[in-house]
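Numbering (mature numbering (1 follows the signal peptide of the UniProt record, and there is no 0)), first residue to last: -20 to -1, 1 to 363.
Cβ coordinates follow ideal geometry from the N, Cα and C atoms, glycine included.
See below for the structure under consideration.
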């Protein structure tokens, strides 16, 4: 009899569990499990039921937007993200809704809307969200042929999180393509990305492919520096050039520096000195050629790159100036003088929106930016 009674109790309990009321907690669990299983329609139904049971919530609308993106219902995703932002304009949930808003717009090929959404996340409190937003926005800029803006965003993320796998991969992809075509930095970034990306991910497979291809290309294209000449004679001429520089006898200094480079074409210091002296003497074309010769001997020289970029900028050879600067900025992302020069180059090219991106990057590097500098950056168009 007791056994029969216990069976009745168990059956009653089972019925009670099956008929339990729909609580927000229960619906949330059902929705999360359905989303994890890829059953997006079921997850959407559960979240919609949550709205009926517990009322409107920014979090629920954001979850609905994410499920709708999974179901490729892009218009519904947009409406849900908009509703979430209408209910909660700031905070973590609002930032998440803004990211979903951008993702939905990007999937719809509405690039201006996606750009605005991601731009609104560049100062988000969550560092991981900032990094994701920069990566997404950089991808949009690259598609719009705005590689320099993309570079500024990715360098900002690289400075904050140098081990972030997707930032490394995106930098490699940006460097390897036009207009940058920076093979050695691209190879370095792909190598770092390949070590940190998840096994089996498509990005890791692509990184491996690029590593193999770039290693082969760099071995073929490596520029052979000139053979050393009369090193003793070159050093003596360089010493005399420096003595005349100290005495501000610039014409004599240029003559001796030129003789030093002719005596020993592999003397980097002589080529760099000739570039500086020619610049001082306003022999700009000769100065730029000297800097280019110095960079053949030592491509990673920050002094030669920055000085060559400044000279090219003064000559209004803006494309050349930017080309000198990019490898330097990749090697030294926090070089404020180089970043500021890049902003001025882009401004001189009437690329105000790109100049603004670099200006904002400069502001992030300044401990105490001046009001005049902030005002100038704010005056540039946002694109």
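Beta-carbon proximity of residue i to residue j, cut-off 8 Å
i, j, result
"residue 77", "residue 64", "yes"
"residue 161", "residue 137", "no"
"residue 339", "residue 361", "no"
"residue 248", "residue 278", "yes"
"residue 66", "residue 111", "no"
"residue 274", "residue 281", "yes"
"residue 342", "residue 311", "no"
"residue 81", "residue 62", "yes"
"residue 33", "residue 2", "yes"
"residue 22", "residue 16", "no"
"residue 124", "residue 91", "yes"
Chain B within 8 Å of residue i, Cβ atoms only
i, result
"residue 146", "The structure shown contains no chain B; it holds only a single protein chain."
Whole-number beta carbon distance between residue j and residue i, since they are thought to touch under 8 Å
i, j, result
"residue 321", "residue 345", "That belief does not hold up - the Cβ atoms of residue 321 and residue 345 are roughly 13 Å apart, past 8 Å."
"residue 294", "residue 264", "7 Å"
"residue 172", "residue 154", "Contact doesn't hold; Cβ gap of about 14 Å is too wide."
"residue 131", "residue 95", "Not confirmed; about 16 Å, so no contact."
"residue 20", "residue 51", "4 Å"
"residue 44", "residue 79", "14 Å between Cβ atoms; not a contact."
"residue 75", "residue 109", "6 Å"
"residue 84", "residue 120", "Rounded, the Cβ-Cβ distance is 14 Å, inconsistent with contact."
"residue 245", "residue 209", "6 Å"
"residue 169", "residue 148", "5 Å"
"residue 357", "residue 336", "6 Å"
"residue 276", "residue 205", "6 Å"
"residue 364", "residue 237", "The question about residue 364 has no answer here: the residues shown for the chain are numbered -20 through 363."
"residue 314", "residue 139", "6 Å"
Candidates the options: closest to residue i by CA position
i, options, result
"residue 39", "98, 17, 55 and 71", "71"
"residue 146", "157, 175 and 158", "175"
"residue 190", "205, 151, 212 and 215", "151"
"residue 287", "271, 276 and 299", "271"
"residue 167", "3, 307 and 218", "307"
"residue 89", "34, 58, 298 and 239", "58"
"residue 73", "42, 87 and 91", "42"
"residue 158", "180, 178, 126 and 143", "126"
"residue 143", "123, 177 and 129", "177"
"residue 31", "46, 18 and 7", "7"
"residue 213", "239, 192 and 193", "239"
"residue 243", "258, 262 and 218", "218"
"residue 129", "309, 334, 269 and 46", "334"
"residue 207", "241, 179 and 181", "241"
"residue 104", "69, 24, 181 and 25", "69"
"residue 26", "18, 9, 37 and 35", "9"
"residue 156", "87, 193 and 28", "193"
"residue 24", "5, 35 and 56", "56"
The ligand ZN heavy atom lying under 7 Å from the CB of residue i
i, result
"residue 108", "The model on display carries no ligand, and the ligand ZN is accordingly not part of it."
Segment contact flag, the region 218 to 228 with the region 245 to 259, C-beta cutoff 8 Å, min 3 pairs: yes
Segments of 4+ residues assigned as alpha helix (DSSP H) that fall wholly inside the region 59 to 102: You should have 72 to 87 and 91 to 99.
Touching by the beta-carbon criterion (3+ pairs, under 8 Å), the region 177 to 187 and the region 320 to 335: no
In chain order, each alpha helix (DSSP H) run of at least 4 residues that lies wholly inside the region 129 to 186: 145 to 156 and 163 to 176
At least 3 beta-carbon pairs within less than 8 Å: the region 190 to 199 vs the region 230 to 247: The way I'd put it, the region 190 to 199 doesn't touch the region 230 to 247; fewer than three beta-carbon pairs between them come closer than 8 Å.
Complete runs of the alpha helix (DSSP H) confined to the region 228 to 315 [at least 4 residues]: 230 to 243, 248 to 260, 264 to 277, 282 to 294 and 298 to 311
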